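Colleague: Dropping a structure here in structure tokens format, bear with me for questions.
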């Protein structure tokens with residue numbers, strides 16, 4: 001699969017090269033060929049899913065090319081695992097893992113991000129960016145209320161998450177480890193609509209500024225799946 005990604009950075013509303021590898025207008029462009037494989041195994045009481053993706057960046061189609069890395073010419077691998085185990089009626093245990101490995105310096109838009117709703121909750125989105133990284137999460141889903149006529153369940157969702165990132169040729173982010181615990185509420189209606197509210201509590205040395213809801217560890221999301 002061919003992919004194209006672009007980003008630009010600005011300072012005081014004017015183009016400025018804030019990120020490594022950007023041109024004088026603060027722009028980075030990546031052209032990449034991505035090969036991915038997916039595997040899912042479903043049983044009566046468990047689901048196991050895995051995804052592997054190899055990315056090969058090329059310097060074509062006006063992609064960013066520099067004399068020194070980082071630029072659009074790169075190689076990386078990313079693997080993702082997810083395991084869901086049913087513990088009882090409307091109760092489950094969810095395990096997630098995500099890893100990225102790259103032998104060379106990457107542009108920020110290709111780096112591994114830690115922090116935010118899909119990673120270590122309790123920190124802002126992409127609080128840490130690095131060439132390589134590992135993320136793991138454990139979440140329980142425990143029913144606290146049901147409305148059988150509407151096929152609706154409300155679950156309490158305590159979780160623990162951890163992540164670490166490191167660079168291939170540059171100094172590592174400091175700090176480069178994130179830890180958090182938290183809890184939330186997850187509402188599922190007719191197995192089509194899911195709404196959730198999460199509160200993550202940071203445990204590491206990287207303390208958020210707490211200027212926004214996200215930096216206070218608060219997240220809200222709604223997902224609708226009409227064809228499930």
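Numbering (the numbering used here), first residue to last: 1 to 228.
Backbone N, C-alpha and C define an ideal beta-carbon position, used for all residues, glycine too.
It should be emphasised that the depicted structure is a prediction, and the values quoted were computed from it without experimental measurement.
1. Do residue 188 and residue 164 count as a contact pair if the criterion is CB distance below 9 Å?
2. At which residues does the beta strand (DSSP E) containing residue 98 begin and terminate?
3. Mind reading off the beta-carbon distance from residue 218 to residue 199? Whole number of angstroms is fine, and I expect it under 8 Å.
4. Touch check for the stretch 165-184 and the stretch 118-127: three-plus C-beta pairs under 8 Å?
5. Tell me whether residue 176 sits in a helix, a strand or coil according to DSSP, three-state version.
6. Residue 126 and residue 170: beta carbons closer than 9 Å?
7. Restricting to Cα atoms, I'd like to know which of 139, 215, 59, 197 is closest to residue 87.
8. Along the chain, which unbroken stretches of the beta strand (DSSP E) at least 3 residues long are found entirely within the stretch 30-68?
9. Quick one: residues in its chain with C-beta nearer than 6 Å to the C-beta of residue 225, no 5 flanking neighbours on either side, listed in chain order?
10. Taking the alpha-carbon of residue 100 as reference, which of 136, 201, 46 has the nearest alpha-carbon?
11. Taking the alpha carbon of residue 72 as the point to measure from, which residue in 29, 35, 93, 184 has its own alpha carbon closest?
12. Please name the residue in 220, 43, 173 whose C-alpha comes closest to that of residue 183.
13. Taking the alpha carbon of residue 113 as the point to measure from, which residue in 74, 84, 167 has its own alpha carbon closest?
14. To test your reading of the DSSP string, which unbroken beta strand (DSSP E) runs of 3 or more residues are found completely within the stretch 95-172?
15. Do you know offhand how far residue 116's Cα is from residue 124's?
16. In this structure, what does DSSP give as the bridge partners for residue 198?
17. Report the rounded CA-to-CA distance for residue 197 versus residue 65, giving the unit in angstroms.
18. For residue 195 and residue 77, I'd like the C-alpha separation in whole angstroms.
19. Whose C-beta lies closer than 7 Å to the C-beta of residue 91 among residues of the same chain, with five residues either side of it excluded?
20. Assuming residue 78 is part of the beta strand (DSSP E), what are its boundary residues?
Modeller: To lay it out plainly:
1. On the chain shown, residue 164 is found 164 positions in, with the first residue counted as 1. On the chain shown, residue 188 is found 188 positions in, with the first residue counted as 1. Not closer than 9 Å, so no.
2. Translated into positions along the chain shown, residue 98 becomes position 98. For residue 98, the enclosing beta strand (DSSP E) covers residues 91-101.
3. The residue given as residue 218 occupies position 218 in the chain shown. The residue given as residue 199 occupies position 199 in the chain shown. That belief holds up - the Cβ atoms of residue 218 and residue 199 are roughly 6 Å apart, short of 8 Å.
4. The stretch 165-184 vs the stretch 118-127: in contact.
5. In the chain shown, counting from the first residue as 1, residue 176 sits at position 176. Three-state result, residue 176: coil.
6. Along the chain shown, one-based indexing puts residue 126 at 126. Along the chain shown, one-based indexing puts residue 170 at 170. Cβ atoms of residue 126 and residue 170: not closer than 9 Å.
7. Against the chain shown, residue 87 aligns to sequence position 87. Closest by alpha carbon: 139.
8. Qualifying beta strand (DSSP E) stretches, in chain order: 46-58.
9. Along the chain shown, read from residue 1 onward, the residue named residue 225 stands at position 225. Closer than 6 Å at the Cβ level, and outside the excluded window around residue 225, lie 192.
10. For the purposes of this step, residue 100 is taken as the residue at position 100 of the chain shown. With distances taken between Cα atoms, residue 100 lies closest to 136.
11. Your numbering for residue 72 matches position 72 in the chain shown. Proximity to residue 72 across 29, 35, 93, 184 peaks at 29, based on C-alpha coordinates.
12. On the chain shown, residue 183 is found 183 positions in, with the first residue counted as 1. For residue 183, the nearest C-alpha among the options comes from 220.
13. Working through the chain shown from its first residue, we reach residue 113 at position 113. The shortest Cα separation from residue 113 among 74, 84, 167 belongs to 167.
14. DSSP runs (the beta strand (DSSP E)) wholly in the stretch 95-172: 112-114, 128-130, 132-147, 152-156, 159-166.
15. Along the chain shown, read from residue 1 onward, the residue named residue 116 stands at position 116. Along the chain shown, read from residue 1 onward, the residue named residue 124 stands at position 124. Straight through space, the alpha carbons of residue 124 and residue 116 are spaced by roughly 5 Å.
16. Here residue 198 refers to the residue found at position 198 of the chain shown. 184, 219.
17. Here the question's residue 197 lines up with position 197 in the chain shown. Here the question's residue 65 lines up with position 65 in the chain shown. Linking residue 197 to residue 65 through their CA atoms gives a straight-line distance of about 42 Å.
18. Reading the chain shown from its first residue, position 195 is the one you call residue 195. Reading the chain shown from its first residue, position 77 is the one you call residue 77. Distance between the alpha carbons of residue 195 and residue 77 is about 32 Å.
19. Stepping through the chain shown from its first residue, residue 91 is reached at position 91. Excluding its 5 nearest sequence neighbours in each direction, residue 91 has C-beta neighbours in its own chain below 7 Å: 141, 142, 143, listed in chain order.
20. Looking up residue 78 in the chain shown gives position 78. Note, residue 78: beta strand (DSSP E), 75-88.
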